[in-house]
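Be aware that the sequence shown starts at 170, since it is given in the numbering used here, and climbs by one per residue.
C-beta atoms are modelled at their ideal positions from N, C-alpha and C, and glycine is treated no differently.
The structure presented is a predicted model; accordingly, all values stated were derived computationally and were not measured.
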Amino acid sequence: MSLVKAKELLKIAMLATRRSGVTLQDIRREQSCSHRTAQRWTDALEEVFPQVEIEVDEDRQRRWIIPARHVAPLLTPSGEELAALGTAIGELERGDLPGQASLLRELRAKVRSLTPATGRARREVDEEILLQALGHAARPGPRPQTDTSMDAALVEAFKGPFLVRMRYLGREGGSSVRTVAPYGMLLGVRRYLVAKDVEKGAKAPLQHFRVESISDIEVLDDTFEQDADFDLRKHAEIGFGSYVDERKVVDVVWRFDAEAAPRAERFMFHPTQTFEREREGSLLVRFRACGVMEMCWFLYQWGEHVEVLQPAELREMVHSSRRPFQALP
Numbered sequence: 170m171s172l173v174k175a176k177e178l179l180k181i182a183m184l185a186t187r188r189s190g191v192t193l194q195d196i197r198r199e200q201s202c203s204h205r206t207a208q209r210w211t212d213a214l215e216e217v218f219p220q221v222e223i224e225v226d227e228d229r230q231r232r233w234i235i236p237a238r239h240v241a242p243l244l245t246p247s248g249e250e251l252a253a254l255g256t257a258i259g260e261l262e263r264g265d266l267p268g269q270a271s272l273l274r275e276l277r278a279k280v281r282s283l284t285p286a287t288g289r290a291r292r293e294v295d296e297e298i299l300l301q302a303l304g305h306a307a308r309p310g311p312r313p314q315t316d317t318s319m320d321a322a323l324v325e326a327f328k329g330p331f332l333v334r335m336r337y338l339g340r341e342g343g344s345s346v347r348t349v350a351p352y353g354m355l356l357g358v359r360r361y362l363v364a365k366d367v368e369k370g371a372k373a374p375l376q377h378f379r380v381e382s383i384s385d386i387e388v389l390d391d392t393f394e395q396d397a398d399f400d401l402r403k404h405a406e407i408g409f410g411s412y413v414d415e416r417k418v419v420d421v422v423w424r425f426d427a428e429a430a431p432r433a434e435r436f437m438f439h440p441t442q443t444f445e446r447e448r449e450g451s452l453l454v455r456f457r458a459c460g461v462m463e464m465c466w467f468l469y470q471w472g473e474h475v476e477v478l479q480p481a482e483l484r485e486m487v488h489s490s491r492r493p494f495q496a497l498p
């Protein structure tokens, strides 16, 4: 068996250590292969791992199950995998989620302690080199200050999910005590807690609370049920940035000139974006979203190289402030 095939078989064996084991359908999905090829993989699995158990579930589907202890000694992490963990820790810290970064750091320490001593020095060198190359400690920039106790409380609330009582500072300066049902968090230039105000009833619309304006937070013992059709990822896609208001979704059309077009084509402005190259080399970008203010902040750095065709409100905000810059984003 080639090294590549051995690595792929080990991936399948890892799937088989799950309580539900691995099915032919799982293998087809993992390997992007045919049913017959998936059967060949299970034949190899039975040959290499004689400890494999085969069960038939209530849907008459065969499941291959391997006790984890028979696979664990083969699962030595590479320097690349450890570096990926380090990069993820850095991203969580820069995303103002120090609590989650701490948990991942503890996981990395456990993984290191469980790996064989043989080759450890080489893996550590590889990890260090990759982290430096990936700019692990780079990307400085302004962001709101965070409160680790606040983050810990919100993480605890999401687990329940539990209701939260908090004091919230409004835009006009006055504060009030709110009891909310937390649905999730939107991360960006600002962080928003997506939640429902309990006092407004079960049919109340989702609201977005600036995390830096929350204080005196308390996780209650009361649980709640989120709306069955709520999807945080889809909800986030409504906005251009972290600000979301379904009532303010607009059609957006921007034109980047021929000089900026090649650079703009490499940007993901929004998940629903479409590109259209014009005859003279300029680029049209179209999508639907809310967050006109965040769009304005973003477009300022493109200077005179961008023209807002829609919406008119954004055009007025951007065009009066355009200026030439020496470099593109």
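Terminal residues of the continuous beta strand (DSSP E) containing Met-354?
Residues 344–355.
Where are the beta strand (DSSP E) runs, 3 residues long or more, that stay fully inside the segment 203–237, in chain order?
Runs found: 222–225 and 231–234.
Pairing CB atoms from the segment 341–355 with CB atoms from the segment 377–389, are three or more of them under 8 angstroms?
These segments touch.
Neighbourhood of Leu-178 by C-beta, 6 angstroms cutoff - its chain only, sequence neighbours within 5 removed
Within the same chain, Leu-178 has close Cβ partners Ala-213.
Which residues mark the beginning and the end of the alpha helix (DSSP H) in which Met-464 is found?
Note, Met-464: alpha helix (DSSP H), 461–469.
Go ahead and pull the three-state DSSP assignment for Val-240.
In this structure, Val-240 counts as coil in the three-state DSSP scheme.
Anticipated Cβ contact below 8 angstroms, Thr-392 with Pro-330, distance rounded:
Between Thr-392 and Pro-330 a beta carbon distance of about 6 angstroms is seen, short of the 8 angstroms cut, so the two are scored as contacting.
Can the beta-carbon of His-377 be found less than 8 angstroms from the beta-carbon of Val-413?
Yes, Cβ-Cβ distance for His-377 and Val-413 is below 8 angstroms.
Looking at Thr-441 and Phe-456, is the spacing between their C-beta atoms short of 8 angstroms?
One thing to note: Phe-456 has its Cβ within 8 angstroms of the Cβ of Thr-441.
As a quick exercise: from Pro-236, Ala-405, Glu-224 and Val-333, pick the residue whose alpha carbon is nearest that of Leu-389.
With respect to the C-alpha of Leu-389, the residue from Pro-236, Ala-405, Glu-224 and Val-333 having the closest C-alpha is Val-333.
Give me the Cβ distance between Met-486 and Cys-459, rounded to the nearest whole Å; I'm assuming they're in contact under 8 angstroms.
Contact doesn't hold; Cβ gap of about 14 angstroms is too wide.
Beta carbon of Met-335, beta carbon of Val-349: below 8 angstroms?
Their beta carbons are under 8 angstroms apart, which means Met-335 touches Val-349 by this criterion.
For the beta strand (DSSP E) that His-377 lies in, which residues bound it at each end?
376–379 is the span of the beta strand (DSSP E), which, as asked, contains His-377.
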